[in-house]
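Chemist: Right, I'll just put the structure down here and ask away after.
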Amino acid sequence: MLPRPRALLLDFGGVIVTSDRGHSAEVLPKLAGRVRQLIGGVLTVAEIESELQRAGQLRDELRKESAECLEISPERFWGELVADLWPAPAREAVVAHAADLTYDYCYRRSWRLVDGMSDLLDYTLQSGLPVAVVSNTASGQAHRVGLEHLGVGGAFALQVYSDELGRYKPHPDMIFAATRELYVAPSDCWMVGDTVHRDIECSRRAGVGAAILMAPAPNDDADATVLNGHELLKLLRSASPPGAGSR
């Protein structure tokens, strides 16, 4: 039995929200069309889509190589990863609109709440348990707007995003930033994520009370594994009161 947390930290994608559509299919064609207009049509939509896919892969590789987990700014993403080989006027145009383009790159109209997440958030609000979003993203603003559109923005006491903090998970600063704002110790929190190498590792490095994995199969690296919001709520209801004993 896990001890009841004093705060709940949730990853965004795969924990709070999910989508049935892939990022490339939903986002890239429309974004590429906007970029083509912005740069005066010097590249085709297909060429821009290809560059965006290449840049996304390169960004993932650079993240894996960064021991300090320093986030890549929108200006660097568009100027150095997407448009590095473009004509100078085209590169300057996308860099000048980097923040807006990154928002469009991240925002998904197909986002929907993970099964049971609405019930979980209703419970945390009613019980007074603070919940924070702790998520890697290139645009925290896109995530905030997404949660508002889903009608749950007000359920979160705090939202911490890597593009705004400057570091990304698994660096523990993501969790430390959240717990400082919530005035709780990491050891009094649960962190719930959907990846071992980012979320569970971040939890261990920060010393959280429990590292919970939301996944279809159990994993020995996590303290518990849940399939969806319903199972997370069940786990939370079954937690022992603070001070009632260790897990």
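Each residue of the sequence shown is one higher than the last, beginning at -5 in the working numbering.
C-beta atoms are modelled at their ideal positions from N, C-alpha and C, and glycine is treated no differently.
Remember, predicted model here, so these are calculated numbers, not experimental data.
1) For the beta strand (DSSP E) containing Val125, name the first residue and the last one.
2) Under 9 Å between the Cβ atoms of Leu95 and Val29?
3) Does the beta-carbon distance from Ala126 to Ala151 come in below 9 Å?
4) How far does the beta strand (DSSP E) with Tyr97 in it extend, from its first residue to its last?
5) With distances taken from CA atoms, which of Val154, Gly160, Gly187 is nearest Leu176?
6) Runs of 4 residues minimum, wholly inside the region 26 to 91: which ones carry the alpha helix (DSSP H) assignment?
7) When you compare only the Cα positions, how much space is there between Ala172 and Leu56?
8) Could you tell me whether the region 100 to 118 touches the region 82 to 89, using the rule of 3 or more Cβ pairs below 8 Å?
9) Do you know whose CA, among Trp72, Arg102, Ser129, lies nearest Leu4's CA?
10) Just how far apart, CA to CA, sit Gln51 and Pro235?
11) Let's test the definition: count the other Cβ atoms within 10 Å of the Cβ of Leu226 and tell me whether it reaches 16, buried, or not, exposed.
12) Compare the beta carbon distance of Leu207 and Asn213 with 9 Å and say whether it is the shorter of the two.
13) Which residues mark the beginning and the end of the alpha helix (DSSP H) in which Tyr117 is found?
14) Just list the beta strand (DSSP E) runs in the region 173 to 204, keeping only unbroken ones of 3 residues or longer that don't cross its boundaries, in chain order.
15) Which word fits Pro210, buried or exposed, when buried means at least 16 other C-beta atoms lie within 10 angstroms of its C-beta?
16) Would you list the residues sitting across from Met208 in a DSSP beta bridge?
17) I'd like the list of long-range same chain contacts for Leu119, defined as Cβ closer than 7 Å, with 5 residues on each side in sequence excluded.
18) Run through DSSP, which three-state label would Ser240 get?
19) Can you check DSSP and say which residues form a bridge with Gly162?
20) CB-CB under 6 Å to Glu193, same chain, minus the five flanking residues each way: which ones, in chain order?
21) Does the distance from the C-beta atom of His36 to that of Gly140 stay below 9 Å?
22) Going by the beta-carbon positions, is the gap between Pro166 and Gly201 smaller than 9 Å?
23) What number of angstroms, rounded off, separates the C-alpha of Thr219 from the C-alpha of Gly8?
Modeler: Based on what the coordinates show:
1) Here residue 125 corresponds to residue number 131 of the sequence shown, with the count starting at 1. First-last of the beta strand (DSSP E) with Val125: 125 to 129.
2) The residue you call residue 95 lines up with position 101 of the sequence shown. The residue you call residue 29 lines up with position 35 of the sequence shown. Yes, they are a contact pair.
3) For the purposes of this step, residue 126 is identified with residue 132 of the sequence shown, where counting begins at 1. For the purposes of this step, residue 151 is identified with residue 157 of the sequence shown, where counting begins at 1. Yes, they are a contact pair.
4) To locate residue 97, count along the sequence shown from 1; it is residue 103. Taken as a continuous stretch (DSSP letters only), Tyr97 belongs to no beta strand (DSSP E), being part of the alpha helix (DSSP H) at 92 to 100.
5) Here residue 176 is taken as the residue at index 182 of the sequence shown, counted from 1. It is Val154.
6) 39 to 59, 82 to 90
7) For the purposes of this step, residue 172 is identified with residue 178 of the sequence shown, where counting begins at 1. For the purposes of this step, residue 56 is identified with residue 62 of the sequence shown, where counting begins at 1. Near 25 Å, if we compare the C-alpha coordinates of Leu56 and Ala172.
8) no
9) On the sequence shown, position 10 is the one that residue 4 refers to. Minimum Cα distance to Leu4 is reached at Ser129.
10) Mapped onto the sequence shown, residue 51 falls at position 57. Mapped onto the sequence shown, residue 235 falls at position 241. Distance between the alpha carbons of Gln51 and Pro235: 44 Å.
11) As a position in the sequence shown, residue 226 is number 232, starting the count at 1. The residue in question, Leu226, is buried, as its Cβ has 16 or more Cβ neighbours within 10 Å.
12) What you label residue 207 is simply residue 213 of the sequence shown in a count that begins at 1. What you label residue 213 is simply residue 219 of the sequence shown in a count that begins at 1. It is a contact, given that the beta carbons lie within the stated cut-off.
13) What you label residue 117 is simply residue 123 of the sequence shown in a count that begins at 1. Here the alpha helix (DSSP H) through Tyr117 covers 111 to 121.
14) 183 to 187
15) Translated into the one-based positions of the sequence shown, residue 210 becomes position 216. Its Cβ having fewer than 16 others within 10 Å, Pro210 is exposed.
16) Locating residue 208 in the sequence shown gives position 214, counting from the first residue. Paired residue(s): Val220.
17) Start at 1 with the first residue of the sequence shown, and residue 119 comes out as number 125. Only Ala149 meet the Cβ criterion.
18) As a position in the sequence shown, residue 240 is number 246, starting the count at 1. Note that Ser240 has pLDDT 42, beneath the 50 cutoff, so the model's placement of it is unreliable and the number below is only indicative. Coil, per DSSP.
19) Reading the sequence shown from its first residue, position 168 is the one you call residue 162. Reading off the sequence, residue 162 comes out as Tyr, not Gly. Per DSSP, none; premise fails for Tyr162.
20) Position 199 of the sequence shown holds residue 193. According to the sequence displayed, residue 193 carries Asp and not Glu. The residues are Asp5, Gly187.
21) Taking the first residue of the sequence shown as position 1, residue 36 is located at position 42. Taking the first residue of the sequence shown as position 1, residue 140 is located at position 146. For clarity, residue 36 is Val in the given sequence; the question names His instead. In this structure, Gly140 does not lie closer than 9 Å to Val36 by Cβ.
22) In the sequence shown, residue 166 corresponds to position 172, counting from 1. In the sequence shown, residue 201 corresponds to position 207, counting from 1. Yes, the pair counts as a contact, with Cβ atoms nearer than the cut-off.
23) Walking along the sequence shown from the start, residue 219 turns up at place 225. Walking along the sequence shown from the start, residue 8 turns up at place 14. Roughly 13 Å between the two C-alpha positions.
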